Structures are given as C-alpha cells and as structure tokens.
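Undergrad: One structure, pasted below without further comment.
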Amino acid sequence: MFAPLRRHVPLALVFLCVGLASAMAVPFLTLFLTDAVHASPLQVTIFLIAAPLSSVVVSMTMGQWSDRLPSRRGLIIATAVIGAVGTLLTASIRDYWILLALTVTATAAASALVPQVFAHARVSLQGSPNAVMTMTTLRTILSLSWVGGPFLATVLLSLGDFVAVYGFATAMYVIAAVVAWRMIPAHTPAAIQPDAEPGEAAVQTTPGQDETRRVVILTIAAFVLLQCTGNLSLQALPLFLRDEVQGGLGDAGLILGLCAALEIPLMLGFGMLAARYRLRTLILAGPLLSLIYALAVAGASETWQIAAMQLVNASAIALLHGLGISYVQDMVPTRPGHASTLFTSAGPIGAMMAGPIIGAAQTFGYRETYLIGAALAGIAFVLFLLARPTLTGARIIRTTTTVPARRNVPETVTS
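When you line the sequence shown up against numbering that gives the first Met the number 0, it's residues 0 to 414, in that order.
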C-alpha cells in the first residue's frame, strides 16, 4: 500500500502548498476586503459571489480541455504560476475593481489546480487496487493544510498585515510550480498498474465506459446539496450556540477543532475500508450521517450534546470529501479532468446556495437552519439512490505485462 503513496510524494507536496495558500487567504477574505480595501457591504457581496462563480466556470472549462491533452503536467505548472502571480499582485493592490478583475481571472484559473492534480493522480493510479486509498490520502493532506493554515495567517496578521499573508501564499504557489516542474512526470491515459515490483506481472488497464448523463447529473446534484448542508452547519454553528444554547465563540472554536481533528484519521480509515467494501455503500452512508447530525443539533439544548455529535459529523465529512472524488471519477473514467472538476465545483455551488439561507436564518432562527440542512441531506440520499451506477469504470484488459528487473524488453503474456 505504501509504495504507491511514496510515488505520489510530489503530488502530496503540491496539495500541501496549495492547501496552505488557500487556507491562509480564504477565511480572511471578508476581513481583507473590509479593512484593507475598504469595500462597501455591496462590494463585498459582489466579490463573494463573483469569486466562486468564476472559479466554477474556469475550472469546468479547463477540466474539459485537459482531457484532450496528452499530459496535465504543463497545466498544473501553469495554474500554479498564475496563482503565484495573482497572490503577489493581491499583496500590493488595494483597488477594489482591479482586485475583482484579478479574482475572476488569475484566482479563478488557480482554482483549477486542485482538480487537475486529482485528475493527474487518477490517471497514474489507473488499475491500481490502492487507487481509492491513495486518492483519499491526498485529500487528507489537503485537509491537513486547513488545520494549520488559518492559524498561521493569524500569526502573520498579528506580526504584520495582509502583505505578509499573501506573500506567504505566493511562496506556496511558487514551490508548488517548482515541484510540479522538477518532480511530477507525465502520464499517458493507459498505464501499467503501479503496484507491481520488478519481475512481477502487472495488469494493464484502459478506461471503461462513462456513466449516463442522468446518473452523473443526479450524483453531482446530491453532492451539491450535501455541500450546502455542510456549509449551513458550519456557518450557523457559532450563532446557534450563542442564540439557542447560550454558548460562546470559544465553544464554537473547540467544537470545530474537534471535528477537524476527527476528520483526518476517519478519512484514512474509510480509505482503507474502500479496498474491502463497495465504494457506493460507503458513499450512501454519508448523507444519512449528515441527516442524523443536523437533526441532533436542531434538537440540542446543551453545548456538550453538539460536541458529542462531532464524531457523526466528522464521519459524514470524511466519507463524502475523502471518497467522493474517487466515486465521481469512477463514473467518468474516460475524462478524469472533467470528473474531478465536477466534484470540486460542488463545493462553491453548495456554498452559494447556503448563503441566502443563512441570511434568512436571522429572521426564522438558526435551529430551523439545521432542519433545512437535514431535509437537504435526505433529498441527497434519495438522489444517490436514483443515480445507481450501471457501468464499472476502468475495466481490466486480460493482458499482463512482466515488469523487467533490469533493462529488459517487457515480455507480454496473454492470460
């Protein structure tokens, strides 16, 4: 299991760098616009809508285009360089409209980096029995960066200002570009199974047939609803604790930290389970756990009750975020770039859906917000049931290839 993981250390480094860059900038974007740029409330709203919308559009376009390329390495390097340029300019520019233009161009292009790295990893793992585990591990590294990124940003803000924050983010993108340039090899769509050692037989695989459009659309719609549910739970928690159970901001921080700490080992654990159980079975448990968590919080009257439910919440997040990328890639095996972008785009779309609900919650209450989240999770579960896959993703050609111990010519044996 660890051999394929070692081979993907460069991809892990890219994920860590890009994750840190995002985790340092995104949580403080509103503060940056308000304090450093002096944007009006309307301008902040426009910015926060334009940023995810442009990211989805650009990522989807690049995702479809990348599937026609012989290798994604060049695109990974290019998006990392664009990200470095975007953050470097953001560090020094304080004009709102120039920053908005940067966001819908450079920042949007940089957002395509993560799905492209996922797609590159998927192609290199084609046919490997450890594919899901490796993809989950890479996703876990992205989550790890969000554990330390916001804290590091607060330290830099206390020592300096946003120039230091965006300067550090620029350095992360530069490192990601250098790692991709020097350490990431190109991969072709058909690859020899990477787990084989010299002298052993390796199975060669080619992508299978894509799922029907209906199945893919229903699946992505389910992930969008679950992302909306997750955003509702996250954004409403501090206000729910304050207004409904007489908690404080400190309680919110502890609960969110507990959830984040539980997510990482759970992601790795579910990745190992995916090697023994059907991926669809594990995915179906995700919306059910989200439903249970939302209902439990809606009925909670004490802070400890919400804290006790974080194992359920973290399990739902680990299942859907850790295994979801592999689940969607299995549905569209001939277009890994498109599949990866479809999954990652569910996040910003779900966040945009959650915004108006959170705004309206000031009127109807935050307890009801969790009931809405429970309803969305229930609908997502139904959509997953309706989107039952009928095909099998990557299919194994009944041909094995002996991996040479030295510089021998590979011997092909028909099984």
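All C-beta atoms in this analysis are idealised placements derived from N, C-alpha and C, irrespective of residue type, glycine included. Values in this document were obtained by computation on a predicted structure and should not be read as measured data.
1) For the region 264-284 against the region 134-148, are there 3 or more C-beta pairs whose distance is under 8 Å?
2) To the nearest angstrom, how far is the alpha carbon of L236 from that of A251?
3) Beta-carbon within less than 7 Å of I305's beta-carbon, same chain only, minus the 5 sequence neighbours each way: which residues are those?
4) Is the beta carbon of L318 less than 7 Å from the beta carbon of A284?
5) Can you grab the Cα-Cα spacing for the pair P9 / H119, in whole Å?
6) In whole angstroms, give me the CA-to-CA distance for A386 and A176.
7) Figure out for me which residue from M132, Y165 and L278 has the closest Cα to the Cα of G148.
8) For L68, name the three-state secondary structure that DSSP assigns.
9) When you compare each of V178, V56, L98 and A163 to V80 by their alpha carbons, which one comes out closest?
10) Whose C-beta lies closer than 7 Å to the C-beta of L88 among residues of the same chain, with five residues either side of it excluded?
11) Whose CA, out of A376, E262 and A379, lies closest to the CA of S142?
12) For E199 and C258, I'd like the C-alpha separation in whole angstroms.
13) Is R275 helix, strand or coil when you go by DSSP?
14) A49: which of A220, A379, Y369 and Y95 sits nearest, CA to CA?
15) Taking 8 Å as the threshold, find out whether the region 367-382 comes into contact with the region 222-230 through three or more Cβ pairs.
16) Based on Cα-Cα distance, which residue from S232, I348 and F363 lies nearest to M59?
17) Please report how far the alpha carbon of P40 lies from the alpha carbon of V57, in whole angstroms.
18) Comparing C-alpha positions only, which one of M351, T106, G229 and Q115 sits nearest to L68?
19) Spatial neighbours of G73 within its chain, please: C-beta separation below 8 Å, excluding the five flanking residues on both sides.
20) In terms of alpha-carbon separation, which member of H7, A345, S289 and M352 lies closest to M182?
21) Kindly indicate which residue of P355, A107, A359 and V244 has the alpha-carbon position closest to the one of A83.
22) How should A260 be labelled, buried or exposed, when 16 other C-beta atoms within 10 angstroms of its C-beta is the threshold for buried?
23) Use the C-beta contact count for L158: other C-beta atoms within 10 angstroms, 16 or more gives buried, fewer gives exposed.
24) Quick check on DSSP: helix, strand or coil for D34?
25) Could you check whether G372 and A293 sit closer than 7 Å to each other, using their CB atoms as the reference points?
26) Look up D242 in the DSSP assignment and say whether it is helix, strand or coil.
27) So, at 6 Å on beta carbons, what are the nonlocal neighbours of Y326 in its own chain, with the 5 sequence-adjacent residues on each side left out?
28) Leaving out five residues before and five after R93 in sequence, what residues of the same chain have Cβ atoms less than 7 Å from its Cβ?
29) Excluding the 5 residues preceding and the 5 following T169 in the sequence, name in chain order all residues of the same chain whose CB lies nearer than 6 Å to its CB.
30) Closest to A17 by CA distance: which of L272, N129, Y172 and M271 is it?
31) With H, G and I counted as helix, E and B as strand and the rest as coil, what does DSSP make of E199?
32) Can you find the residues in the same chain that come closer than 6 Å, C-beta to C-beta, to A90, ignoring five residues on each side of it along the sequence?
33) Helix, strand or coil, according to DSSP, for V427 in the structure here?
34) Tell me the residue span of the alpha helix (DSSP H) that contains F137.
35) Are the beta-carbon atoms belonging to W180 and I76 less than 7 Å from one another?
TA: Judging by the given coordinates:
1) yes
2) Against the sequence shown, residue 236 aligns to sequence position 237. Against the sequence shown, residue 251 aligns to sequence position 252. Near 7 Å, if we compare the C-alpha coordinates of A251 and L236.
3) Stepping through the sequence shown from its first residue, residue 305 is reached at position 306. Sequence-distant Cβ neighbours of I305 in its own chain, meaning closer than 7 Å and more than five residues away, are I254, V296 and A299.
4) Reading the sequence shown from its first residue, position 319 is the one you call residue 318. Reading the sequence shown from its first residue, position 285 is the one you call residue 284. Cβ atoms of L318 and A284: closer than 7 Å.
5) By one-based count along the sequence shown, residue 9 stands at place 10. By one-based count along the sequence shown, residue 119 stands at place 120. So the two alpha carbons sit approximately 12 Å from each other.
6) Walking along the sequence shown from the start, residue 386 turns up at place 387. Walking along the sequence shown from the start, residue 176 turns up at place 177. C-alpha separation (whole angstroms): 38 Å.
7) Within the sequence shown, the letter at position 149 stands for residue 148. Considering only alpha carbons, the answer is Y165.
8) Counted from its first residue, the sequence shown places residue 68 at position 69. Coil.
9) Taking the first residue of the sequence shown as 1, we reach residue 80 at position 81. Selected option, being the one with the closest Cα: V178.
10) Here the question's residue 88 lines up with position 89 in the sequence shown. Around L88: L101.
11) Taking the sequence shown and counting its residues from 1, one reaches residue 142 at position 143. Of A376, E262 and A379, the residue nearest in Cα terms is E262.
12) Numbered from its first residue, the sequence shown carries residue 199 at position 200. Numbered from its first residue, the sequence shown carries residue 258 at position 259. Below a pLDDT of 50, predicted positions are generally treated as unreliable, and E199, at 45, falls in that range; no measurement from the model is reported.
13) Locating residue 275 in the sequence shown gives position 276, counting from the first residue. In this structure, R275 counts as coil in the three-state DSSP scheme.
14) Residue numbering aside, residue 49 sits at position 50 when the sequence shown is read from its first letter. Nearest of A220, A379, Y369 and Y95 to A49, Cα basis: Y95.
15) yes
16) As a position in the sequence shown, residue 59 is number 60, starting the count at 1. Checking every option, the nearest Cα to that of M59 belongs to I348.
17) As a position in the sequence shown, residue 40 is number 41, starting the count at 1. As a position in the sequence shown, residue 57 is number 58, starting the count at 1. Cα-Cα distance, rounded: 26 Å.
18) Taking the first residue of the sequence shown as 1, we reach residue 68 at position 69. Of the candidates M351, T106, G229 and Q115, the one whose C-alpha sits nearest the C-alpha of L68 is Q115.
19) Translated into the one-based positions of the sequence shown, residue 73 becomes position 74. Cβ neighbours of G73 beyond the five flanking positions: none.
20) Mapped onto the sequence shown, residue 182 falls at position 183. Among H7, A345, S289 and M352, the Cα nearest to that of M182 is on H7.
21) Taking the first residue of the sequence shown as position 1, residue 83 is located at position 84. Ranking the options by Cα distance to A83, first place goes to A107.
22) The residue labelled residue 260 in the question sits at position 261 within the sequence shown. Classification for A260: exposed.
23) Counting from 1 along the sequence shown, the entry for residue 158 is found at position 159. So L158 ends up on the exposed side.
24) Start at 1 with the first residue of the sequence shown, and residue 34 comes out as number 35. Under the three-state reduction of DSSP, D34 is assigned to helix.
25) Sequence index remark: in the sequence shown, residue 293 carries index 294 (1-based). Sequence index remark: in the sequence shown, residue 372 carries index 373 (1-based). Their beta carbons are under 7 Å apart, which means A293 touches G372 by this criterion.
26) Here residue 242 corresponds to residue number 243 of the sequence shown, with the count starting at 1. The answer is helix: DSSP assigns D242 an H, G or I state.
27) Counting from 1 along the sequence shown, the entry for residue 326 is found at position 327. Taken in chain order, the residues that qualify are L278 and I282.
28) As a first step, residue 93 is located in the sequence shown; it is residue number 94 there, counting from the start. Closer than 7 Å at Cβ, skipping near neighbours: A35 and V36.
29) Working through the sequence shown from its first residue, we reach residue 169 at position 170. Closer than 6 Å at Cβ, skipping near neighbours: A83, T86 and L87.
30) Position 18 of the sequence shown, counting from 1, holds the residue named residue 17. First, the residue type needs correcting, since residue 17 is Val and not Ala in the sequence shown. For the options L272, N129, Y172 and M271, the alpha carbon positioned closest to that of V17 is the one of Y172.
31) Position 200 of the sequence shown holds residue 199. Low per-residue confidence applies at E199: pLDDT is 45, beneath 50, and the placement is therefore not dependable, though the value from the model is reported in the following sentence. Of the three classes helix, strand and coil, the one that applies to E199 here is coil, per DSSP.
32) Here the question's residue 90 lines up with position 91 in the sequence shown. Once the five neighbours on either side are set aside, the close Cβ partners of A90 are V162, Y165 and G166.
33) With the chain running from 0 to 414 in the structure shown, residue 427 is simply not present.
34) Translated into the one-based positions of the sequence shown, residue 137 becomes position 138. Correcting the residue type first, residue 137 is Leu in the shown sequence and not Phe. Residues A130 to L158.
35) Here residue 180 corresponds to residue number 181 of the sequence shown, with the count starting at 1. Here residue 76 corresponds to residue number 77 of the sequence shown, with the count starting at 1. Going by C-beta atoms, W180 is nearer than 7 Å to I76.
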